[in-house]
Amino acid sequence: MILELLIYGFTMGSVYAISALGLSLIYGVARVPNMAYGAFYTLSAYIAFILLNEFSLDFSLCILLSLFVTVAIAIASEKLLIKHILANPNSVIIATISLALFFEGFIQKYQKDSGYSYAYLPSITESVDILGIYISIQRVLIIVVFLVLAVGLHFLMAKTKVGMAIRAVAQNPEEAVAVGISKEKILTIAMGLSAAMAGITGILFGGMQAMSPYMGWPLLIKSLTIVTLGGLGSISGTIMASLILAYTEQVVASLSIGLISLSQFSELVSLILLIVILLFKPTGLLGKTAKEEEIPH
Amino acid sequence: MPVPSKIESNKEALTKLCVLIIITTMITAAILAHYIIYPMFFLNQVNPSIKIGVLGPLLTPAGRGMLEGVTLAIETINKRGGVLGRYLEVVPYDDAEAGISKSEKGLAGYIKLSTEDKVSVIIGPYSSHVALALLDLLPKYKTLIVTSGAIADEIDKKIAENPTKYKYFFRTHMNATGEAIILWDYLTDICKSLNITKIAIFYENLAWTQGIIEYSKSKAQELGFNLVFLAPIDPTTKSYISELRTAKDKGAQLIYTLFSLADTTVLIKEWYEQKIPAFITGGDMMAEDPTFWNTTAGKAYSYTIVHWGFRAPITNKTEEFYDDYLERFGHTPNFQSYLAYDAVMIWAQAAETTGKLDSDNVADTLLENIYEGVAGRYKFSTTSHSVYVGKNWKTGIYVQWQDNGEQVPIWPSEFLPPGKSIVLPPWMR
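Sequence lines, in order, name chains A and B. Residue numbers for the first sequence follow the working numbering, so the first one is -13 and each next one is one higher. Residue numbers for the second sequence follow the working numbering, so the first one is 4 and each next one is one higher.
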């Protein structure tokens, strides 16, 4: 029971982490409150589905094309809309919610017209035996993708010029510009990377559950909770928060009163955690205060 | 005597030919007018069509089945000349958001279909919570409902308590207790043959399952089964991992499912992935569909589902209906297709019997009539309007997914094809 809980909790934590890392990058690091983040997750899954079912392309090609198109759409949204209203976060929130609803309506229309009641992406459902626990290869793949992305993102942010530039722009835009960093270019890179992460989550998860035009919203809320819980801009905090949330949900879902399961209440966990964190530690587990974030002169 | 010139005789022949063409054309036109143009245009002008409302989650498999079942019934009736000399016409209304029926949309739909579209009968709503919400509108709008879903016992209780107020509500499906009776008849047989005593139930946490769960709690005890785990599931759930794990830990040997809206592809994939040592069976709208085999990549092997209509000699009409449906829509009917089709036919029979369309007369006649439909024989109880349940009335057929996606009826035993038997998942053999 405990081993199963550990393994399945880790796979769920991996999905949450991949998704929340993307949001952490655009919202936590670049400080763009992009509420269309969940829509990019939905878009990538549906684009792959359309390419696969309407054009009968090879699935690996569908994945690449869907990620490319999702990133292109995200960058276009940034160039045409977000960058012009960046000074006012409230406007960004409203504009990106509208954008998400626009994409949602588009997908809804497709699903209605195409007659698909349920849409799925292919997934690897065969299981492997890990210490007597059966787990699908798809879940193993999710864990591998998460580990690769987490290490890659950490390396990008800590060791590369692009990563340092992203952090510099987030912490002190004026000084970053003064030392020759292009704020616009950095925002575009952050937006593209973030959308790619959302896209990867969509493709990995689109094979494990029925897709729906609205599936981006729960993911956005969960990712926002994780980013807040972990601390804005903290990659390690985001990963830690993802695992905490996943394990807490798994534990609650395993409980029962008498004969009756309490699994329905597991979804409330993220909301309760969010309220608790906002009340008692608004900077999150590993987040820094505005003062701590200041780059020393 | 002057001999007619060649030109004159040609002229005469031409005239005769013209007369012949005109007469032939007139006769053809008269035939066309009588058999095609008049029924197409004028009959409906003299006798405007009768509108049949469909209220349900139209983008889901259930809603699609309802609409198609009603459409086929209307086409069949129209071919026979309509009802009381008037053609039928379908008016659909979607009461769902994101695939789940919403009470407020259902109420708006009932009012719109009653007041704007002026339908004579509504087939729907599909969901019990919508039906319960709109029951109190019935005395005001008086639009008859013959639904193919909404099985909550609470509806029947309300009708029994106040038959005058709720006289306009009927359903072609059995109520929750009816389903539970069939369920436990089946479980008694299957558990005996597979030597099973511990049962878990996964059920949608919606109004329609409450009666079945309450009945099951007492019935399990009465029959000596051990009900080890009850998992209420939100229909929008995306994973069943925890519930499956708990069922396994509690030693469940059989998992019974009760799902009408939820995505159970995930359930079956996760059950297979974890190789849960429990036979899985139940009522599952999604798993009835022939595409379920492919969407689960064959993991549905051994999953056994109750069908409330199947291509088997349930009545003399069942197999013909199935074949007509397949030809008309290019895919097989689901249980809503059977029940919605029967709903229209039962209403049409009552309207023809009474010779009137008003809800009061039709409702009274519905209580008197017996109708042989495609999903069984129908007789409504005069107290609660519940349909009669049992071998000679309405029952269910449990159908199992077997090799290559074949759907094999395994219960009641008289439907089991020769050479076939019940199968177990590979890890339970």
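Backbone N, C-alpha and C fix where the C-beta goes; we use that ideal spot for every residue, glycine too.
Taking all protein chains in view, the Cβ of LEU47 (chain A) is surrounded by fewer than 16 other Cβ atoms within 10 Å, so the residue is classified as exposed. Of the residues A:VAL1, A:ASN39 and A:ALA16, the one whose Cα lies closest to the Cα of LEU133 (chain A) is A:VAL1. Per DSSP, the continuous beta strand (DSSP E) segment holding ILE116 (chain A) begins and ends at 113 to 116. Within the model, the alpha-carbon separation for THR187 (chain A) versus GLU64 (chain A) is close to 21 Å. In this structure, ILE258 (chain B) lies near PHE205 (chain B), with their beta-carbon atoms less than 9 Å apart.
About 18 Å separates the CB atoms of ASP252 (chain B) and GLN250 (chain A); that is not less than 8 Å, and the two are not in contact.
Neighbours of LYS108 (chain B) in chain A, taken as residues whose beta carbon is under 9 Å from its own, are absent, since the nearest beta carbon is some 15 Å off. Taking the Cα of ALA346 (chain B) as reference, the smallest distance to any Cα among B:GLU371, B:VAL377, B:ASN319 and B:LEU226 is reached at B:VAL377.
Closest option to SER198 (chain A), judged by alpha-carbon separation, among B:ASP326, B:TYR129, B:GLY152 and B:ALA101: B:ALA101. In the DSSP annotation of this structure, the continuous segment of the beta strand (DSSP E) that includes LEU58 (chain B) starts and ends at 53 to 59.
Here ASN395 (chain B) is exposed. Its C-beta has fewer than 16 other C-beta atoms within 10 Å. Check the Cα spacing between ARG248 (chain B) and each of B:PHE262, B:PHE232, B:ILE103 and B:THR239: the tightest is with B:PHE232.
Apart from the 5 residues on each side of it in sequence, ASP98 (chain B) sits with its Cβ closer than 7 Å to the Cβ of LEU58, GLY59, PRO60, SER104, LYS105, LYS108, GLY109, GLY112, PRO128 and VAL133 in its chain, given in chain order. Residue contact check for ARG248 (chain B) against chain A: a CB pair falls below 9 Å. One thing to note: ALA76 (chain B) has its Cβ within 9 Å of the Cβ of ALA351 (chain B).
With fewer than three CB-CB distances shorter than 8 Å, the segment 269 to 284 of chain B does not count as touching the segment 383 to 399 of chain B. Non-local beta-carbon contacts of GLY24 (chain A) in its own chain, meaning distances under 6 Å to residues more than five positions away in sequence, involve GLY202, TRP203, LEU205 and LEU206 in chain order.
Using a CB distance cut-off of 9 Å, ALA183 (chain B) does not count as an interface residue toward chain A. By the rule that beta-carbons nearer than 9 Å mark a contact, LEU29 (chain A) does not touch chain B.
Between the segment 195 to 212 of chain B and the segment 256 to 270 of chain B there are three or more inter-stretch CB-CB distances shorter than 8 Å, so the stretches are counted as touching.
Around GLN339 (chain B), no beta-carbon contact reaches into chain A at under 8 Å, the shortest distance being about 12 Å.
Closer than 7 Å at the C-beta level to chain B, one finds these residues of the segment -12 to 15 of chain A: GLU(-10) and TYR(-6). Among the residues of chain B, those whose CB is under 9 Å from the CB of LYS98 (chain A) are LEU62, following chain order. Of B:TYR381, B:ILE125 and B:GLU157, the smallest CA-CA separation from TYR144 (chain B) is found for B:ILE125. The alpha helix (DSSP H) runs of length 4 or more contained entirely in the segment 226 to 259 of chain B are, from start to end of the chain, 244 to 252. In the DSSP assignment, PRO95 (chain B) falls within the unbroken beta strand (DSSP E) covering 91 to 97. Shown here, GLU119 (chain B) sits in coil according to DSSP, grouped into three states, outside any helix or strand. Here TYR120 (chain A) carries a strand assignment [DSSP, helix/strand/coil]. Interface residue (Cβ-Cβ distance to chain B less than 9 Å): GLU160 (chain A) is not classified as such. Linking GLN410 (chain B) to THR146 (chain A) through their CA atoms gives a straight-line distance of about 58 Å. Contacts with chain A at 9 Å (Cβ-Cβ) include MET289 (chain B).
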